[in-house]
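Chemist: Per the numbering used here, the very first residue in the sequence shown carries number 122; after that it's consecutive. In this text, a Cβ means the ideal position worked out from N, Cα and C, and glycines have one as well.
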Amino acid sequence: MTTTEPACPRRTPFSFELYPPKTLDGGLALARTVEHLAAAGPEFISVTFGAGGSSRTASLDVLRSIRTSTSVDPMAHLTCVGSTHAQASRLIKDFLDAGVHSFLALRGDPPAGAVEGDAFLGDLGSAAELVQLIGRVSAEHEPYAEGSLVGLPGAVQLGRRHRPRIAVAAFPNGHPRSRSTTQDLDTLLAKQAAGATLAITQLFFHADDYLAFAERARRHGVTMPILPGVMPITSPARLRRVLELSGEALPSDLAIALEVEPDEAGRIDIGTDYSARLIRDVVAGGAPGVHLYAFNQHRTVLDVLHRAGIPVHDDRPVRHPIPDPLTSKDAR
């Protein structure tokens, strides 16, 4: 590049979150969604996982389809809630056996009717303990890597093993059960010390929420990348639901815009533009990428990336048509 040529814009990594289907029709729709999302070139696609393994088979089927039918890295969600060490180790090994080497380690929410202090977590008391367990089971599963030696047929060279990517949650506006900002940062630092390599934030509605949090985390000693989690909100009902679940403060500008717009297409346009502006602002402020909650649909999140100015195609195409995760012979 000469001094007269403009600098090439850096590629902004992006990733998506999906949840396992509950019906046959949902499985067929999700297969097509995965195909579109994978063709866009994400760094990974994560798949949620019910507490205590309640959606274990469905999650594993989707992850296996992503791994075998695309060139995208599948990421498995795992939670501490309700698991013994033996059960959690077994689940981790099942994912590793399926070729899944990326995880999102979460503590998880109390079951319905339980409160903090109740014995609902099982043997693992925190996400940091789950991170440690993932690292330990992974090391036992693959203690080293093997490779061939040029010129020596049949000879094997031992090398450093493939280490898992372990993501954890971060909370720009504080965890609902946290006592202070310092406690949130200490918890994130503990996850990093346990072996986490990446953090993904819960949703937020203003760029400064993420940027200020990321700066505080850096000053606190957190060195792993912190991906902003962006959730396109395209209806008043969805906004009310995510606020109920997350405890976030009402974003009045978005709420009013969605409420006064009578047309569904218009509400989708409002939510898409809102998320695109949010992504532009956090990326301009130094975010290392962006993670989008896709709600098992591809059109909105891909449109968000397009409006944010992030290219959604690269040289990693889908390898072959994706089997339906609910009906595939291999999935069963």
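Thinking just about the alpha-carbon of each residue, which of R300, V343 and R339 is nearest to the one in A315?
Modeler: The shortest C-alpha separation from A315 is found at V343.
Chemist: In the DSSP assignment, what residue or residues form a beta bridge with R136?
Modeler: In the sequence as presented, Arg is not what sits at residue 136; that position holds Ser. In the DSSP output, where bridge partners are listed per residue, S136 has H412.
Chemist: When the Cα atoms are used, what is the spatial distance from H157 to H198?
Modeler: When rounded, the distance between both Cα atoms is 21 Å.
Chemist: Nearest-angstrom Cα distance between S192 and V168?
Modeler: Computed Cα separation, rounded: 16 Å.
Chemist: Using the rule of at least 16 other Cβ atoms within 10 Å of the residue's Cβ for burial, across every protein chain shown, is D435 buried or exposed?
Modeler: The predicted position of D435 is uncertain, since its pLDDT is 48 and thus under 50; a value taken from the coordinates is nonetheless stated next. Exposed.
Chemist: Do the stretch 374-385 and the stretch 409-419 meet, that is, are 3 or more Cβ pairs less than 8 Å apart?
Modeler: The stretch 374-385 vs the stretch 409-419: no contact.
Chemist: With a threshold of 16 other CB atoms inside 10 Å of the CB of E369, please say whether the residue is buried or exposed.
Modeler: Buried, because 16 or more other Cβ atoms sit within 10 Å of the Cβ of E369.
Chemist: Our contact map puts L366 next to F326 with C-beta atoms below 8 Å; I'd like the distance itself, whole angstroms only.
Modeler: Not a contact, Cβ separation roughly 14 Å.
Chemist: Name the two residues that bound the continuous alpha helix (DSSP H) containing A405.
Modeler: Here the alpha helix (DSSP H) through A405 covers E385 to A405.
Chemist: Sort out for me which residues DSSP pairs I477 with in a bridge.
Modeler: Outside the displayed span of the chain (122 to 453) sits residue 477, for which this structure offers no information.
Chemist: Among H262, D394 and A226, whose alpha-carbon lies nearest the alpha-carbon of D218?
Modeler: Nearest option by C-alpha distance: H262.
Chemist: Take L310 and list the residues in its own chain whose beta-carbon comes closer than 7 Å to its own, dropping the five residues that flank it on each side.
Modeler: If we look at L310 and ignore the five residues flanking it on each side, its Cβ neighbours are H341, G342 and V343.
Chemist: From R132, G256 and A260, pick the residue whose C-alpha is nearest to that of A317; which is it?
Modeler: Residue G256 is the option with its Cα nearest to A317.
Chemist: Cα-Cα, which of H206, D215, R188 and G162 is closest to L251?
Modeler: Of H206, D215, R188 and G162, the residue nearest in Cα terms is H206.
Chemist: DSSP on T205, reduced to helix/strand/coil?
Modeler: Residue state, collapsed to three classes: coil.
Chemist: Can you tell which of Q304, R361, L364 and R286 has its C-alpha closest to the C-alpha of M345?
Modeler: The shortest Cα separation from M345 among Q304, R361, L364 and R286 belongs to R286.
Chemist: Which word fits P446, buried or exposed, when buried means at least 16 other C-beta atoms lie within 10 angstroms of its C-beta?
Modeler: Since pLDDT at P446 reaches only 41, below the 50 mark, its modelled position is unreliable, and the value read off the structure follows with that caveat. It is buried - the Cβ of P446 has at least 16 other Cβ atoms within 10 Å.
Chemist: Roughly how many angstroms separate the alpha carbons of V363 and V289, rounded to a whole number?
Modeler: C-alpha separation (whole angstroms): 20 Å.
Chemist: Could you check the C-alpha separation between T154 and I321 for me, to the nearest Å?
Modeler: Whole-angstrom Cα-Cα distance: 22 Å.
Chemist: Is it buried or exposed for L151, if we count other Cβ within 10 angstroms and need 16 for buried?
Modeler: Buried.
Chemist: Would you kindly check if the distance between the Cβ of A429 and the Cβ of Y331 is under 8 Å?
Modeler: Their beta carbons are not under 8 Å apart, which means Y331 does not touch A429 by this criterion.
Chemist: Using the rule of at least 16 other Cβ atoms within 10 Å of the residue's Cβ for burial, across every protein chain shown, is E126 buried or exposed?
Modeler: Low confidence applies to E126: its pLDDT is 39, below 50, so where it sits in the model is not reliable, and the reading given next is rough at best. Looking at its Cβ environment, which holds fewer than 16 other Cβ atoms inside 10 Å, E126 is exposed.
Chemist: P141 by DSSP, collapsed to three states: which one?
Modeler: If DSSP states are grouped into helix, strand and coil, P141 belongs with coil.
Chemist: Going by other Cβ atoms of all chains shown within 10 Å of its Cβ, with 16 needed for buried, is I377 buried or exposed?
Modeler: Its Cβ having fewer than 16 others within 10 Å, I377 is exposed.
Chemist: I'd like to know if P274 contacts chain C, where contact means its C-beta is closer than 8 Å to some C-beta of that chain.
Modeler: The structure shown contains no chain C; it is built from a single protein chain.
Chemist: Please state whether DSSP places A290 in a helix, a strand or coil.
Modeler: If DSSP states are grouped into helix, strand and coil, A290 belongs with the strands.
Chemist: Can you tell me where the beta strand (DSSP E) holding I321 begins and where it ends?
Modeler: L319 to T322 is the span of the beta strand (DSSP E), which, as asked, contains I321.
Chemist: In whole angstroms, what is the alpha-carbon distance linking D390 and T355?
Modeler: Taking the straight line from one Cα to the other gives about 8 Å.
Chemist: When you compare the CB positions of I431 and T200, do they come within less than 8 Å of one another, or not?
Modeler: No; because the gap between Cβ atoms is not below 8 Å, this pair is not in contact.
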